[in-house]
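J.: Have a look at the structure that comes next, please.
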Amino acid sequence: LSKEVHYEIAARMHGIAHGVFIPVFFAGIGLLFDLSFIHLPAPTAVGFILLVSLVRFCCASASAKALKLTAPLAFGAGMMAKGAVDLALMTSLYHLAIIPKELLSLYIFSVLSIIVAFPAILKISFRKLPPLETEDAREAVIPVYARIALSRIRAKDVMRTDVAYVSSTLTVGEFLRSHLDVTRRIYFAVDPYGKLLGVVSLKKISRLPRDLWETTFLTEVIKENFVKVYPDEDLYSVTEKMVLADIPAVPVVDPVSERILGTISRYEIVRLLVRKPS
């Protein structure tokens, strides 16, 4: 699916979820709630609430640290008011007769209490955050800007046609003598009809004994599992593929013949984003 269709479907599903499924889910949780937990011993009830709150806070904070977010403690405090998967799990445990009704009601009560106290908790956690610098704010906006800007541009509009490709019928020795350029980091191998076969692996060549250079063809030192894009593919999708594969450039190929038409490098994308309006 194209990104436009994907975003449209996601937006519609988001509305259905918030308008139908989520209210029904929490209404069902409310039907299971009662005050039976008041019969539990006070130490048990207080200990259970503290344990649940501590586990949720620590898990959320640990996730924020693992993702290298700026404010893991504030993130953990913010996630305290979220209760969906855990409520569903507790409800399932109750229906399986693993936990009693009193513990389920107590857990629902703890979630409601945290939601009520959430604004105060979040306010306290935000006070401990360092002030957000202008540079940080600008960097936070760049991904949104990039997504909007790049999704409207096609690969064929920015690709370079001076492609560094070589014939797959060459030997490694011929390639090194006639085509290797220290200023280029990537070479594409094509068959006699121009069909893209793969990317020449300089790492494989470096591991090849020198006495085999003249008898080894490029077809034996190419990477066949490579990332490629098509002329009508939007540039945001191209950027995603390059980032995920951690490659400096990507070939643009004809969707029918698989002939290489051009290349797109990180330089073209960056230059497009920082280009001054005419």
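Each residue of the sequence shown is one higher than the one before, starting from 1229 at the first, in my numbering. Backbone N, C-alpha and C define an ideal beta-carbon position, used for all residues, glycine too. The structure displayed is predicted, hence computed values, not measured ones.
1) Could you tell me the alpha carbon to alpha carbon distance between A1270 and Y1464, rounded to whole angstroms?
2) Which residues in the same chain have their Cβ closer than 6 Å to the Cβ of R1382, if we skip the five residues on either side of it in sequence?
3) Quick one: any contact between the region 1430–1443 and the region 1485–1501, if contact means 3 or more CB pairs under 8 Å?
4) Run the CB neighbour count on Y1541, radius 10 Å, all protein chains shown included, and call it buried at 16 or more, exposed below.
5) Could you check whether V1280 and S1338 sit closer than 7 Å to each other, using their CB atoms as the reference points?
6) Taking the alpha-carbon positions, what's the G1490 to S1429 distance?
7) According to the Cβ coordinates, are S1333 and S1264 closer than 7 Å?
8) For V1466, collect the residues of the same chain with a Cβ closer than 7 Å to its Cβ; drop the 5 residues on either side in sequence, then sort them by chain order.
9) My guess is that I1336 and I1277 are in contact by the Cβ rule of under 8 Å, so how many angstroms apart are they, rounded?
10) Within the region 1414–1450, note down every full alpha helix (DSSP H) run reaching 4 residues or more, in order along the chain.
11) Can you tell me whether DSSP reads L1489 as helix, strand or coil?
12) Please classify I1488: is it buried, with 16 or more other beta-carbons within 10 angstroms of its beta-carbon, or exposed?
13) Quick check: L1404 and L1446, are their CB atoms within less than 7 Å of each other?
14) Compare the C-alpha of A1288 against each of A1273, L1268, D1314 and name the closest.
15) Output the distance between the C-alpha atoms of H1407 and Y1421, rounded to the nearest integer angstrom.
16) Under a Cβ-count criterion, where at least 16 other Cβ atoms within 10 Å of its own Cβ denotes burial, should A1325 be classed as buried or exposed?
17) Can you check whether the CB of E1486 is closer than 7 Å to the CB of K1431?
18) Taking the alpha-carbon positions, what's the S1223 to P1483 distance?
19) Here's the rule: buried if 16 or more other CB atoms are within 10 angstroms of the residue's CB, otherwise exposed. What is S1396?
20) Quick one: give me the first and last residue of the beta strand (DSSP E) that Y1393 is part of.
21) Got a sec, what are the start and stop residues for the beta strand (DSSP E) V1480 sits in?
22) Could you check the C-alpha separation between F1261 and K1293 for me, to the nearest Å?
23) Less than 8 Å between the CB atoms is what I'm expecting for L1378 and D1462, so what's the real figure, rounded?
24) Within 10 angstroms of the Cβ of L1425, are there 16 or more other Cβ atoms? Answer buried if so, exposed if not.
25) Quick check: what's the CA-CA separation for V1170 versus V1455?
T.: In this structure, then:
1) Going by the C-alpha atoms only, they are around 56 Å apart.
2) Setting aside the 5 residues that flank it on each side, R1382 is surrounded in the same chain by D1460, each with a C-beta closer than 6 Å to its C-beta; the list follows chain order.
3) A contact is defined here as three or more CB-CB pairs under 8 Å, and the region 1430–1443 fails this definition with respect to the region 1485–1501.
4) No statement about residue 1541 is possible, as the shown extent of the chain runs from 1229 to 1506 and does not include it.
5) Yes, Cβ-Cβ distance for S1338 and V1280 is below 7 Å.
6) So the alpha carbons of these two residues sit roughly 19 Å apart.
7) The answer is yes: Cβ separation under 7 Å.
8) A1383, V1457, V1478, I1492.
9) Incorrect: roughly 11 Å between the Cβ atoms, too far for contact.
10) The alpha helix (DSSP H) runs of length 4 or more contained entirely in the region 1414–1450 are, from start to end of the chain, 1430–1435.
11) Note: L1489 maps to strand in three-state DSSP.
12) Within a 10 Å sphere around the beta-carbon of I1488 sit 16 or more other beta-carbons, which makes this residue buried.
13) For L1404 and L1446, no; Cβs fall outside 7 Å.
14) Minimum Cα-Cα distance from A1288 among the listed residues A1273, L1268, D1314 corresponds to D1314.
15) Each residue's alpha carbon lies about 19 Å from the other.
16) Around the beta carbon of A1325, fewer than 16 other beta carbons sit within 10 angstroms, so the residue counts as exposed.
17) Taking 7 Å as the Cβ cut-off, K1431 and E1486 do not qualify as a contacting pair.
18) Only positions 1229 to 1506 of the chain appear in this structure, which leaves residue 1223 out of reach.
19) By the neighbour-count rule (16 or more Cβ atoms within 10 Å), S1396 is buried.
20) It spans 1393–1395 - the beta strand (DSSP E) in which Y1393 sits, taken as one unbroken run.
21) V1480 -> beta strand (DSSP E) spans 1477–1481.
22) When rounded, the distance between both Cα atoms is 34 Å.
23) Indeed they touch by this definition, with Cβ atoms about 7 Å apart.
24) Counting C-beta atoms within 10 angstroms of its own C-beta, L1425 has 16 or more neighbours from the protein chains shown and is therefore classed as buried.
25) Within the shown structure, residues of the chain are numbered from 1229 to 1506, placing residue 1170 beyond reach of any answer.
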